[in-house]
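Please read the structure below before turning to the comments.
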Amino acid sequence: MQNKHQEHPEDTILTGDLSVLDWFTAGGHLSVKIDGAPAIVWGIDPATGTFFVGTKAVFNKKKIRIAHSHEEIDQHYEGEVASILHACFDYLPRTDSIIQGDFIGFGGSTEYCPNTLTYKFGEVVTQEIIIAPHTFYTAENDLRDAVAYPMEFIITDTSYVKFIKPNAHILYGQESFADVKEVCNFARQMATTATFVSDKEAAKIKQQINACIRAGEEINPEDFDCDANLLRLWALVKSIKDDCLYLCRNDGPAAYLYGNRIDAEGYVLVNEFGMFKLINREVFSNANFNSGRFQTAA
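Residues 164 to 461 in our numbering are what the sequence shown spells out, letter by letter.
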């Protein structure tokens, strides 16, 4: 399974799956969510044994867009995305792995705005391209069968590529978000009063939630075509997520949103209960909904 979309923790409880309440307190690998674009995938194509680059379209089931050469880049991509992929094909180190990362920009500056956030470095980046890697894959025969794993190792910079992979940690030396355990238990009790919905119904609810966030409107449980207690449970789990996010820190480049210094777009926590993102939706999801440059580039 490719890493196409990471869920918000609160959205996962709509169908009655409460495992995210265990996810909050289990600890695991915490990483920074870097706001780059487009997504770049590169490595060795198991079907051909040769180096390739592409966007997430390399994982398509039908219209597969894997580029093993500059000619194939021009066949599958166009415009700015093609220009970026040409540079990636030239400069990314050849590796036996299959890696996904976000494109930050071309070298030669101290300031980059690849999507919504602006990143500022302490000195001019001398490498040709900047990539923020975050996922690696294993695949035996075909990229369509690739399985995603969080990248817990570091890729060393080269003369041509600067890799951005900040270290992330929880404040006060904590190994997990144990402080929210009590409110997670309360959420389990609250869940007994909620009527859960099907996957199809949950998708519609998430669309309505996202519409509210996009418009900057308050999410009122009474406005949804479902049990109001379900949205109240959703709001409680979201508040747990926000409490956890407040405790996260990283040592990456300085990040700015609308000219204001912020900590990061968000974080991703991976453990035995899953992989979910910690993001302030009112701020960052709203900003991405309304300004993402490469939202349809893949």
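For each residue, glycine too, the CB sits at the ideal point set by N, CA and C.
Contact under 7 angstroms by Cβ, residue i with residue j
{"i": "Y430", "j": "V195", "result": "yes"}
{"i": "W205", "j": "G437", "result": "no"}
{"i": "A202", "j": "D265", "result": "yes"}
{"i": "T281", "j": "Y421", "result": "no"}
{"i": "G270", "j": "Q238", "result": "no"}
{"i": "G191", "j": "P329", "result": "no"}
{"i": "N413", "j": "A427", "result": "yes"}
{"i": "F349", "j": "T188", "result": "no"}
{"i": "F299", "j": "S260", "result": "yes"}
{"i": "A302", "j": "A309", "result": "yes"}
{"i": "P277", "j": "G268", "result": "yes"}
{"i": "K401", "j": "E173", "result": "yes"}
{"i": "L410", "j": "L334", "result": "yes"}
{"i": "A354", "j": "I327", "result": "no"}
Residue i versus residue j: straight-line alpha-carbon distance, rounded
{"i": "E332", "j": "T358", "result": "Here the sequence assigns His to residue 332, which means Glu is not the residue at that position. Computed Cα separation, rounded: 36 angstroms."}
{"i": "I247", "j": "I293", "result": "11 angstroms"}
{"i": "T178", "j": "A250", "result": "43 angstroms"}
{"i": "N223", "j": "G242", "result": "20 angstroms"}
{"i": "K167", "j": "G336", "result": "Any reading at K167 needs caution, since the residue's pLDDT is 48, under 50, leaving its predicted position unreliable; the model's value is listed next. Roughly 31 angstroms between the two C-alpha positions."}
{"i": "L394", "j": "P384", "result": "5 angstroms"}
{"i": "H233", "j": "D208", "result": "15 angstroms"}
{"i": "K325", "j": "V288", "result": "8 angstroms"}
{"i": "A365", "j": "L181", "result": "14 angstroms"}
{"i": "T211", "j": "V343", "result": "48 angstroms"}
{"i": "L399", "j": "I236", "result": "46 angstroms"}
{"i": "L306", "j": "A391", "result": "42 angstroms"}
{"i": "E381", "j": "T213", "result": "50 angstroms"}
{"i": "H171", "j": "R444", "result": "9 angstroms"}
{"i": "A374", "j": "Y240", "result": "30 angstroms"}
{"i": "Q370", "j": "H297", "result": "27 angstroms"}
{"i": "W397", "j": "A417", "result": "32 angstroms"}
{"i": "E345", "j": "V433", "result": "21 angstroms"}
{"i": "R424", "j": "K404", "result": "21 angstroms"}
{"i": "S272", "j": "D386", "result": "47 angstroms"}
{"i": "A245", "j": "H231", "result": "13 angstroms"}
{"i": "N451", "j": "E274", "result": "19 angstroms"}
{"i": "N304", "j": "D406", "result": "42 angstroms"}
{"i": "E338", "j": "F447", "result": "26 angstroms"}
{"i": "V216", "j": "R257", "result": "11 angstroms"}
Limits of the unbroken beta strand (DSSP E) element including residue i
{"i": "G217", "result": "F214 to G217"}
{"i": "Y365", "result": "Checking the sequence, you will find Ala at residue 365 rather than Tyr. Counting along the chain, A365 falls outside any beta strand (DSSP E), though it belongs to the alpha helix (DSSP H) covering D362 to A378."}
{"i": "A417", "result": "A417 to L420"}
{"i": "Y282", "result": "T281 to K283"}
{"i": "I333", "result": "A331 to I333"}
{"i": "K325", "result": "V324 to F326"}
{"i": "V310", "result": "V310 to P313"}
{"i": "N413", "result": "C411 to N413"}
Assigned exposure category for residue i - 16 Cβ within 10 Å defines buried
{"i": "K225", "result": "exposed"}
{"i": "I372", "result": "buried"}
{"i": "D388", "result": "exposed"}
{"i": "R351", "result": "exposed"}
{"i": "F316", "result": "exposed"}
{"i": "I442", "result": "buried"}
{"i": "T175", "result": "buried"}
{"i": "A378", "result": "exposed"}
{"i": "S322", "result": "exposed"}
{"i": "T459", "result": "The pLDDT assigned to T459 is 38, lower than 50, so where the model puts this residue is not dependable; a value taken from the coordinates is nonetheless given after this. It is exposed - the Cβ of T459 has fewer than 16 other Cβ atoms within 10 Å."}
{"i": "F363", "result": "It is worth fixing the name first, because residue 363 is Lys in this sequence and not Phe. With fewer than 16 other Cβ atoms within 10 Å, it is exposed."}
{"i": "L193", "result": "buried"}
{"i": "D198", "result": "buried"}
{"i": "T319", "result": "exposed"}
{"i": "T279", "result": "buried"}
{"i": "Q263", "result": "buried"}
{"i": "T218", "result": "buried"}
{"i": "A200", "result": "buried"}
{"i": "L255", "result": "buried"}
{"i": "R228", "result": "buried"}
Cβ-heavy atom distance, residue i to the ligand MN, below 6 angstroms
{"i": "K363", "result": "This structure simply doesn't include the ligand MN, nor any ligand for that matter."}
Where the alpha helix (DSSP H) through residue i begins and ends
{"i": "R351", "result": "K344 to A354"}
{"i": "I292", "result": "First-last for I292: I292 to T301, but that is the beta strand (DSSP E), not the alpha helix (DSSP H)."}
{"i": "C389", "result": "C389 -> no alpha helix (DSSP H), and no H or E assigned at all."}
Practice task
Enumerate, from N- to C-terminal direction, the unbroken beta strand (DSSP E) stretches of 3 or more residues contained entirely within the stretch 186-242.
Solution key: 192-196, 202-207 and 214-217
Practice task
Tell me the start and end of each unbroken beta strand (DSSP E) in the stretch 422-455 that is at least 3 residues and wholly inside, in chain order.
Solution key: 423-425, 429-434 and 437-442
Problem - Continuous beta strand (DSSP E) assignments of at least 3 residues falling wholly in the stretch 249-283 - result: 261-269 and 281-283
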